[in-house]
Ligand SMILES: [Zn+2]
Ligand SMILES: [Zn+2]
Ligand SMILES: [Zn+2]
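Residue numbers (this note's numbering): 282 to 611.
Laid out in structure tokens, this is it:
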């Protein structure tokens with residue numbers, strides 16, 4: 282069973298995908314469904330014996346392209362408990378055939394290829410009229426609840442604009458209305474000027490711990506130019522994004538000396554056919570360690586009230602990350 286239910290108290294959709302509770306949970310160490318298929322071994326999700334980057338539809342999706350088995354949309358009279366078909370697309374994207382690597386270990390040109398694939402999927406999924414938002418993300422590490430350790434990310438084609446993006450769109454629209462300027466461009470300029478939260482930069486991108494960081498060691502990557510989505514990326518932008526991502530990821534692994542878990546989110550313009558000239562492409566990383574052996578748990582204040590409480594100054598976190606070398610570890 283798969284459907285959307287409207288939470289009128291928060292004015293947001295919740296996806297109910299009850300079949301997902303049967304999904305693969307920590308398979309045995311010698312079987313990985315994301316490794317290339319090898320002779321005499323059980324077949325994996327990937328039939329070929331090697332690959333560079335692979336994309337396929339998630340076997341246990343939260344959304345479904347065909348909606349035949351799904352409940353009908355609620356009638357107009359139903360105001361309190363609305364439901365709708367969970368029509369969307371969920372894809373898995375494997376970064377490398379090598380099981381024990383992470384995104385951090387990939388050379389910059391391979392990260393660049395991955396970004397090109399992301400751009401392609403953003404374009405292709407965005408073409409479907411029922412997909413209003415293409416969300417590219419990676420959950421990394423068992424601390425974040427990842428069941429498959431093979432390096433991979435995901436792409437969700439949502440049939441609506443997710444609440445967090447909606448909030449950002451509204452805030453940047455309001456700012457634009459008042460100041461006739463892009464909110465994100467202004468934040469980027471301020472960070473560049475103040476320097477103390479910047480951890481790395483190149484010609485086209487700035488990586489920094491935001492003034493208003495919600496998570497410990499949270500890092501955002503902004504293009505210095507006003508780019509609203511992958512649509513407006515040029516070759517150099519892709520190259521320089523790969524370069525700065527490699528630096529941020531390497532610094533993360535060096536921070537506590539182990540492969541650093543995080544949630545990586547790509548925020549960009551929706552694909553609902555409207556123009557969002559006031560919005561600005563960016564990547565957000567949410568880590569879960571606040572010290573070498575101390576995890577940050579989201580608890581009552583964060584989950585119940587939406588108020589994040591941190592115990593580290595963003596400026597100090599930035600200075601720690603900035604000082605770390607960013608050449609490759611392995
Ligand atoms: Zn694997
Ligand atoms: Zn901008
Ligand atoms: Zn954002």
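Quick reminder that beta carbons are idealized off the backbone N, C-alpha and C, glycines included.
Contact annotation: residue 436 and residue 406 have beta-carbon atoms nearer than 8 Å.
Between residue 344 and residue 369, the C-beta gap is smaller than 8 Å, which places the two residues in contact. If you ignore the 5 residues before and after residue 335, its C-beta comes within less than 7 Å of the C-beta of 327, 375, all in its own chain and listed in chain order.
CA-to-CA, the gap between residue 363 and residue 317 works out to about 43 Å. Here residue 332 is not near residue 457, since their CB atoms are 8 Å or more apart. Listed by position in the chain, the residues whose beta carbon lies within less than 7 Å of some heavy atom of ligand 1 are 313, 315, 316, 380, 431.
No Cβ-Cβ contact shorter than 8 Å links residue 411 with residue 563. Of the residues assessed, residue 284 falls on the buried side of the cut-off, its CB having 16 or more other CB atoms within 10 angstroms. DSSP places residue 422 outside both helix and strand once states are collapsed to three, so it counts as coil. Around the beta-carbon of residue 526, 16 or more other beta-carbon atoms lie within 10 Å, marking it buried. Taking a 10 Å sphere around the C-beta of residue 531, we find 16 or more other C-beta atoms and assign the residue as buried. When beta bridges are read from the DSSP output, residue 368 appears opposite 345. The DSSP-derived three-state label of residue 282 is coil.
For residue 501, the secondary structure class from DSSP, reduced to helix, strand or coil, is strand. According to DSSP, residue pairing for residue 317 in a beta bridge involves 327. Two segments are said to touch when three or more pairs of C-beta atoms, one from each, lie closer than 8 Å; by this definition the segment 517 to 525 touches the segment 484 to 493.
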